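Working notes, beginning with the structure itself.
There are 2 protein chains.
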Amino acid sequence: MESGDLFILSAPSGAGKTTLIQRMFDQERADGARMVFSVSHTTRAPRMGEVDGRDYHFVDGDTFRELVAADGFLEWAEVHGNLYGTSRQAVEEQLEAGVDVMLDIDVQGAEQVLARRPDAVSIFVLPPSYQALRDRLTRRGLDDEATIERRLAVSLSEIECYEQYQYVIVNEDVDKASAALAAIVVEKRHRLVRMRDRVKSVLEAFDSKIPG
Amino acid sequence: MESGDLFILSAPSGAGKTTLIQRMFDQERADGARMVFSVSHTTRAPRMGEVDGRDYHFVDGDTFRELVAADGFLEWAEVHGNLYGTSRQAVEEQLEAGVDVMLDIDVQGAEQVLARRPDAVSIFVLPPSYQALRDRLTRRGLDDEATIERRLAVSLSEIECYEQYQYVIVNEDVDKASAALAAIVVEKRHRLVRMRDRVKSVLEAFDSKIPG
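Chains as they are written, first to last, in my numbering: chain A, 1 to 212; chain B, 1001 to 1212.
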């Protein structure tokens, strides 16, 4: 069984990442292909409707810190006093089962993952312009002006890290950007190293038919 | 200007390569993307309707041999007493202009190109089964049984070389196989090294808008 690939997708707030991810999973389902999102561990309390194991693995602080001490996270961070992390074991079990795993993480998280898994495939989504970024952050209608300015500043500082990534997708046209993301995933699946089982089964059928 | 990528596509006779190539170029045209086929040099006489510079570069034996002596071919071969070759200069001019170049060549040609351009992206198309290969070779209706047997033997010996290639596409479903070929091409275009100009132009527009 060939291993799956580990993908890191990072995008500043307002780059339109959510739509890209949604489309990718719709396409994957249509193709019967195998990709999962990693489910993070967190110490924060479940919100209404959140299910343990589906939305997050909800753990207490001691459990989380033990995992940190045992290098059990590919990346982790504290956000507003809560701890969030990506379990190394959960990811590696999926990969070993031949399943692709997508991590939707920020620039700092990506850096941590790449230090532990230099073979991870890293993709950065860029908004097409400053105006598009600002428009997307404003259009949500959820945030006041100060929050938008703060998000914009964070986005800009993240954008400056694009050179850490192997791939860049400029999200100008959502169809093209989705196609680019899908291409990166599909390309990996056709590398010789991931096709050996398939090729072997084709060639076995050949051998039985070749006279002599 | 970032360089284009050089692609090598090989497939045994009967693997269904022609349809894949046709689809890829239709898609490329629809996307306004830039990929060309390399036009080979040959010493054979033009056939009815063939245009010099479009179908082949028609040259005499001395010119061809001078090019061979000057290492002017990425690959060349003699077939039925005629010489055929892929001009290194023509390919490299396109690549430097940022155009992707596709070489449709056999296993021996691919080996020669990879020796000179180890950065070439090599793709092997495999038929899904012995029966499918035989059916495709028979269905053309152009060849007698002895010719079909000979082609089949050549195809089988080519198939054994699949491990020389970076990518394998099993052409079981032509839609999926076309999508796989397109994915390999599109993936290359989103590597950081090929996105620098695009990213730079996006970021310049950012800089002019950022206060302070």
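We put the beta carbon where it would ideally sit given N, CA and C, even for glycine.
All values reported here derive from a predicted model rather than from experimental measurement.
* Asked: By how many angstroms is the C-alpha of H57 (chain A) removed from the C-alpha of V51 (chain A)?
  -> For the purposes of this step, residue 51 (chain A) is taken as residue 51 along the first sequence, with counting starting at 1. For the purposes of this step, residue 57 (chain A) is taken as residue 57 along the first sequence, with counting starting at 1. Near 8 angstroms, if we compare the C-alpha coordinates of H57 (chain A) and V51 (chain A).
ask   = So what's E1075 (chain B) in DSSP terms, helix, strand or just coil?
value = Your numbering for residue 1075 (chain B) matches position 75 in the second sequence. Strand, per DSSP.
_Please confirm whether H1190 (chain B) has its beta-carbon closer than 8 angstroms to some beta-carbon of chain A._
Taking the second sequence and counting its residues from 1, one reaches residue 1190 (chain B) at position 190. Closer than 8 angstroms to some Cβ of chain A, the Cβ of H1190 (chain B) qualifies, so yes.
Check: Which same chain residues, not among the five before or five after E1145 (chain B), have their C-beta less than 8 angstroms away from its C-beta?
Finding: As a position in the second sequence, residue 1145 (chain B) is number 145, starting the count at 1. The answer is none, since no qualifying residue turns up.
Self-check item: Backbone secondary structure at L142 (chain A) - three-state DSSP
Solution: Start at 1 with the first residue of the first sequence, and residue 142 (chain A) comes out as number 142. Assigned with DSSP and collapsed to three states, L142 (chain A) falls in coil, not helix or strand.
Suppose the cutoff is 6 angstroms on Cβ atoms and the five residues either side in sequence are ignored; what does the same chain contact list for R194 (chain A) look like? Stepping through the first sequence from its first residue, residue 194 (chain A) is reached at position 194. Result list for R194 (chain A): E2, in chain order.
Point to revise | Inter-residue spacing [alpha-carbon to alpha-carbon] between E1028 (chain B) and T1019 (chain B) | key: One-based indexing of the second sequence puts residue 1028 (chain B) at position 28. One-based indexing of the second sequence puts residue 1019 (chain B) at position 19. Approximately 14 angstroms between the Cα atoms of the pair.
Practice prompt. Would you grab the beta carbon distance between L152 (chain A) and R134 (chain A) for me? Rounded to a whole angstrom, and I think it's under 8 angstroms.
Written response: Stepping through the first sequence from its first residue, residue 152 (chain A) is reached at position 152. Stepping through the first sequence from its first residue, residue 134 (chain A) is reached at position 134. Going by Cβ atoms, the distance from L152 (chain A) to R134 (chain A) rounds to 6 angstroms, so yes, they are a contact pair.
Margin query: At the 8 angstroms Cβ level, is S13 (chain A) part of the contact set with chain B, yes or no?
Written below: The residue labelled residue 13 (chain A) in the question sits at position 13 within the first sequence. The beta carbon of S13 (chain A) does not come within 8 angstroms of any beta carbon belonging to chain B, so the residue lies off that interface.
task = Report back the beta-carbon spacing between V1125 (chain B) and A1205 (chain B) to the nearest angstrom; my notes put them in contact at under 8 angstroms.
result = In the second sequence, counting from the first residue as 1, residue 1125 (chain B) sits at position 125. In the second sequence, counting from the first residue as 1, residue 1205 (chain B) sits at position 205. Between V1125 (chain B) and A1205 (chain B) a beta carbon distance of about 41 angstroms is seen, past the 8 angstroms cut, so the two are scored as non-contacting.
Q) Who are F1124 (chain B)'s beta bridge partners in DSSP? A) For the purposes of this step, residue 1124 (chain B) is taken as the residue at position 124 of the second sequence. Under DSSP, F1124 (chain B) takes part in a beta bridge, and its partners are B:S1010, B:V1168.
- prompt: Where do the N-terminal and C-terminal ends of the beta strand (DSSP E) with D104 (chain A) fall, by residue?
  reply: Start at 1 with the first residue of the first sequence, and residue 104 (chain A) comes out as number 104. Element bounds for D104 (chain A): 100 to 104.
*Would you call the segment 90 to 97 of chain A and the segment 135 to 142 of chain A in contact, with 3 or more CB pairs under 8 angstroms?*
No, because fewer than three Cβ pairs between the segment 90 to 97 of chain A and the segment 135 to 142 of chain A fall closer than 8 angstroms, the two stretches do not touch.
**Q.** Chain-order list of residues whose beta-carbon lies under 6 angstroms from that of C161 (chain A) (same chain, five-residue window excluded)
**A.** Here residue 161 (chain A) refers to the residue found at position 161 of the first sequence. Spatial neighbours of C161 (chain A) in its own chain (CB-CB distance under 6 angstroms, excluding positions within 5 residues in sequence) are listed in chain order as V107.
#### Entry: Separation of A1132 (chain B) from K200 (chain A), as counted between CA atoms
In the first sequence, the residue the question calls residue 200 (chain A) occupies position 200. In the second sequence, the residue the question calls residue 1132 (chain B) occupies position 132. If I take the Cα positions, the gap works out to 16 angstroms.
* To do: Closer than 8 angstroms by beta-carbon distance: list the chain A residues that pair up with M1035 (chain B), in chain order.
  => Along the second sequence, read from residue 1 onward, the residue named residue 1035 (chain B) stands at position 35. Per Cβ cutoff of 8 angstroms: no residues; M1035 (chain B) is ~14 angstroms from chain A at best.
If you compare alpha carbons, which of B:D1071, B:A1015, B:V1202, B:G1061 is closest to T1042 (chain B)? Residue numbering aside, residue 1042 (chain B) sits at position 42 when the second sequence is read from its first letter. With distances taken between CA atoms, T1042 (chain B) lies nearest to B:G1061 out of B:D1071, B:A1015, B:V1202, B:G1061.
Query raised in the report: Cα separation between A1110 (chain B) and R1088 (chain B)?
Result: For the purposes of this step, residue 1110 (chain B) is taken as the residue at position 110 of the second sequence. For the purposes of this step, residue 1088 (chain B) is taken as the residue at position 88 of the second sequence. Taking the Cα positions, A1110 (chain B) is about 14 angstroms away from R1088 (chain B).
Could you check which residue in A:Q164, A:I123, A:E163 has the C-alpha nearest to that of A180 (chain A)? Counting from 1 along the first sequence, the entry for residue 180 (chain A) is found at position 180. It is A:I123.
By the 7 angstroms beta-carbon criterion, what residues does the segment 1023 to 1054 of chain B contribute toward chain A?
Under the 7 angstroms Cβ criterion, the segment 1023 to 1054 of chain B contributes no residue.
Can you confirm whether F206 (chain A), when its beta carbon is compared against all beta carbons of chain B, has any partner nearer than 8 angstroms? To locate residue 206 (chain A), count along the first sequence from 1; it is residue 206. Yes - at least one Cβ of chain B is within 8 angstroms of the one on F206 (chain A).
- Cβ pair V1112 (chain B), L1074 (chain B) closer than 8 angstroms: What you label residue 1112 (chain B) is simply residue 112 of the second sequence in a count that begins at 1. What you label residue 1074 (chain B) is simply residue 74 of the second sequence in a count that begins at 1. The sequence given here places Gln at residue 1112 (chain B); Val does not occur at that position. Note that the C-beta distance between Q1112 (chain B) and L1074 (chain B) is below 8 angstroms.
Next on the checklist: Suppose you measure from the CA of V1121 (chain B) to the CA of T147 (chain A); what does that come to, to the nearest Å?
Outcome noted: Within the second sequence, residue 1121 (chain B) is the residue found at index 121, counting from 1. Within the first sequence, residue 147 (chain A) is the residue found at index 147, counting from 1. Here the C-alpha atom of V1121 (chain B) lies approximately 46 angstroms from the C-alpha atom of T147 (chain A).
Practice task
Using the DSSP secondary-structure output, state which residues sit across from V1036 (chain B) in a beta bridge.
Solution key: On the second sequence, residue 1036 (chain B) is found 36 positions in, with the first residue counted as 1. Its beta-bridge partners are B:V1101.
* Asked: If I21 (chain A) and D100 (chain A) are in contact, beta carbons under 8 angstroms, what's the gap, nearest whole angstrom?
  -> The residue given as residue 21 (chain A) occupies position 21 in the first sequence. The residue given as residue 100 (chain A) occupies position 100 in the first sequence. Incorrect: roughly 13 angstroms between the Cβ atoms, too far for contact.
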